[in-house]
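K.L.:
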Amino acid sequence: MKLSVLDQSPVSRGNTPVDALRETTKLAQETEKLGYHRFWVSEHHSTKSLAGSSPEVLISHLAANTNTMRIGSGGVLLPHYSPYKVAENFRMLETLNPNRIDLGLGRAPGGMPNVTKALAGGNSMGIDHYLEQVNELASYLKGEDPNRLNVRATPLGRTTPEMWLLGSSAASAMMAAQRGLAFTFAHFINGNGGSTVVDRYLSRFVPSEFNETPQTNVAIFVVCGETEEEAEYLASGLDLAILLIEQGKSGEGFPSPDEAHQFSYSVFDKERIRENRSRMIVGDPEQVKNQIEELASKYQTEEVIINTITHDFESRIKSYKLIAEAFDLKENASLDKTNCNN
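Take 1154 as the starting number for the sequence shown in the numbering used here and just add one per residue.
1) Could you tell me how far apart the beta carbons of Ala1291 and Thr1337 are, in whole angstroms, since I believe they sit closer than 8 Å?
2) Give a yes or no on whether the C-beta atoms belonging to Gly1406 and Ser1165 are separated by under 8 Å.
3) To which residues of the same chain is Val1239 closer than 7 Å at the C-beta, ignoring the five residues directly before and after it?
4) Run the CB neighbour count on Val1435, radius 10 Å, all protein chains shown included, and call it buried at 16 or more, exposed below.
5) Using only the alpha-carbon positions, how far apart do Leu1142 and Gln1400 sit?
6) Among all the DSSP beta bridges, which residues are the ones paired with Gly1259?
7) Based on Cα-Cα distance, which residue from Asn1288, Glu1241, Ile1462 lies nearest to Arg1305?
8) Please check the pair His1197 and Ser1206, which I expect to be a contact at CB under 8 Å, by giving their CB distance rounded to whole angstroms.
9) Relative to the C-alpha of Leu1249, which residue among Tyr1234, Gly1227, His1214, Val1268 is closest?
10) Taking the runs of the beta strand (DSSP E) that are 3 residues or longer, which of them lie wholly in the stretch 1293-1375?
11) Out of curiosity, what's the CA-to-CA distance linking Val1171 and Thr1177?
12) Quick check on the burial criterion: 16 or more other C-beta atoms within 10 angstroms. Buried or exposed for Ala1271?
13) Which whole-angstrom value describes the C-beta separation of Tyr1452 and Gly1347, a residue pair presumed to lie in contact below a C-beta threshold of 8 Å?
14) Straight-line CA distance for Tyr1386 to Pro1410?
15) Check each candidate in Gly1404, Arg1425, Pro1299 and name the one with the smallest Cα separation from Ser1199.
16) Would you identify the three-state DSSP class for Val1435, choosing helix, strand or coil?
17) Please report the distance separating the alpha-carbon of Ser1472 from that of Ala1173.
18) For His1464, which option in Ser1325, Val1441, Gly1390 has the closest C-alpha, if you only look at C-alpha atoms?
19) Would DSSP call Asn1460 helix, strand or coil?
20) Take Gly1195 and list the residues in its own chain whose beta-carbon comes closer than 6 Å to its own, dropping the five residues that flank it on each side.
21) Residues in the same chain with beta-carbon distance under 7 Å from Pro1367, minus the five sequence neighbours each way, listed in chain order, please.
22) Measure the alpha-carbon distance for Val1457 versus Ala1273 and round it to whole angstroms.
23) For Leu1180, tell me which candidate among Ala1216, Ala1394, Lys1155, Lys1201 has the shortest Cα-Cα distance.
24) Could you check the C-alpha separation between Leu1475 and Leu1318 for me, to the nearest Å?
25) Hey, out of Arg1301, Gly1296, Gln1286, Thr1169, whose CA is closest to Met1328's CA?
26) Taking the alpha-carbon of Tyr1234 as reference, which of Thr1221, Ala1388, Leu1258, Glu1247 has the nearest alpha-carbon?
27) Mind checking Ser1157: buried by the 16 CB within 10 Å criterion, or exposed?
28) Shortest alpha-carbon distance to Met1245 belongs to which of Ala1261, Leu1294, Ser1417?
29) Is Pro1236 helix, strand or coil by DSSP?
30) Hey, could you find the ends of the alpha helix (DSSP H) Val1164 is sitting in?
31) Are Gly1225 and Trp1193 close, meaning C-beta to C-beta below 8 Å?
32) Out of Ala1323, Leu1302, Ala1335, state which residue places its alpha-carbon closest to the alpha-carbon of Glu1315.
33) Pick helix, strand or coil for Ser1157, following the three-state DSSP scheme.
Shown next, in the form of structure tokens:
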């Protein structure tokens, strides 16, 4: 079992985006020490609650401040951009950090409709052309000239970034299967039907120059405490945050558990929180370990990506530490390195 990290650079209430990005850097360094396999950062725009708007820039910083962990995007929102420029960005990152860079791609807007307009400057191809963009980007990454313009995505290093398609529905899974790319299911976005989507990906996968066999992982919210009671207390802030986001009331960053416990919930609010728990794993180390293993089995995958958001950064670090200890990540990572060297 491999465990990895997705960090959205959350801005807790009372903190600033500067604090959030410093915490992301510290989290990458600490989770690397704990034995986590990869560390992905997200792309969101025009929001006060998430600081990560430019994954390429943040990846460069994180790779320079870590040593061995894979660093990547979860993900670059390709419909907004030129496939050629994205290829060059990630070829540069891979050349500077050989065999360490992941290019995760998404097709979500990353914000409200006005964000799409601002990003594209009137030039967005839109999601209808997503597969065309994916194919073009894949060709550029392999050093090809897909549009016969006599251009290459440079620098042309000896290694190529791992390319992943991210999705919360069947559409991206089928694209990944058709193109022979790795696939991540965003269970933290859609807690229903994901295993069926992955089943379809596995059964329809076509081998490619990127992967001879299908490659999958699944991303989910996880909050772990020393006790179930502590975990529930910490997760209450995330419960409220998701509820407010759904209602268009996210405001100034992620709320604290104390604020969550003082909030006046309607019957509808409580039902939404109950339903949203399908996107989370919350509990003590043993409970979390068991549920992660069950999730991995359900998705037929050997890698789970953990997205932990708590108001207090030390609680976030502690959650990852408790999970790492429950899975003996350090020991397993050392065994993997030994096996690779033999």
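Yeah, the Cβ is synthetic: ideal placement off N, Cα and C, and Gly gets one too.
Please read all numbers here as calculations on a predicted model, not as lab measurements.
P.N.:
Taking the coordinates as given:
1) In this structure, Ala1291 and Thr1337 do not form a Cβ contact; the two beta carbons are roughly 16 Å apart against a cut-off of 8 Å.
2) Yes. Within cutoff.
3) Here the set comprises Val1229, Leu1231, Leu1290.
4) Label assigned to Val1435: buried.
5) The question about residue 1142 has no answer, for the chain in this structure spans 1154 to 1495.
6) In the DSSP output, where bridge partners are listed per residue, Gly1259 has Leu1230.
7) The shortest Cα separation from Arg1305 among Asn1288, Glu1241, Ile1462 belongs to Glu1241.
8) So it is a contact: roughly 6 Å between Cβ atoms.
9) For the set Tyr1234, Gly1227, His1214, Val1268, the Cα lying nearest the Cα of Leu1249 is the one of His1214.
10) Taking only runs of at least 3 residues, the beta strand (DSSP E) segments lying wholly in the stretch 1293-1375 are 1315-1320, 1335-1339.
11) Rounded to whole angstroms, Val1171 to Thr1177 spans 10 Å at the Cα level.
12) Around the beta carbon of Ala1271, fewer than 16 other beta carbons lie within 10 angstroms, which makes this residue exposed.
13) Their Cβ separation, rounded to whole angstroms, is 7 Å, which keeps Tyr1452 and Gly1347 in contact under 8 Å.
14) Going from the Cα of Tyr1386 to the Cα of Pro1410 covers about 6 Å.
15) Taking only the C-alpha atoms, the option nearest Ser1199 is Gly1404.
16) Note: Val1435 maps to strand in three-state DSSP.
17) Each residue's Cα considered, the two are about 17 Å apart.
18) That would be Gly1390, whose Cα lies nearest to the Cα of His1464.
19) Asn1460: strand per DSSP, three-state reduction.
20) Here residue 1195 turns out to be Ser, not Gly, going by the sequence shown. Answer for Ser1195: Gln1161, Gly1205, Gly1227, listed in chain order.
21) The residues Tyr1354, Leu1355, Phe1358, in chain order, have a CB closer than 7 Å to that of Pro1367 in the same chain once the five nearest residues on each side in sequence are set aside.
22) A straight line joining the alpha-carbon of Val1457 with that of Ala1273 spans about 33 Å.
23) Per the Cα distances, Ala1216.
24) Roughly 29 Å between the two C-alpha positions.
25) The residue with the shortest Cα to Cα distance from Met1328 is Gln1286.
26) Residue Leu1258 is the option with its Cα nearest to Tyr1234.
27) So Ser1157 counts as buried.
28) Of the candidates Ala1261, Leu1294, Ser1417, Leu1294 places its Cα closest to the Cα of Met1245.
29) In the structure shown, the three-state DSSP call for Pro1236 is helix.
30) Bounds of any alpha helix (DSSP H) do not take in Val1164, whose DSSP letter is neither H nor E.
31) The Cβ atoms of Gly1225 and Trp1193 sit closer than 8 Å to each other.
32) Closest by C-alpha distance to Glu1315, out of Ala1323, Leu1302, Ala1335, is Ala1335.
33) Three-state result, Ser1157: strand.
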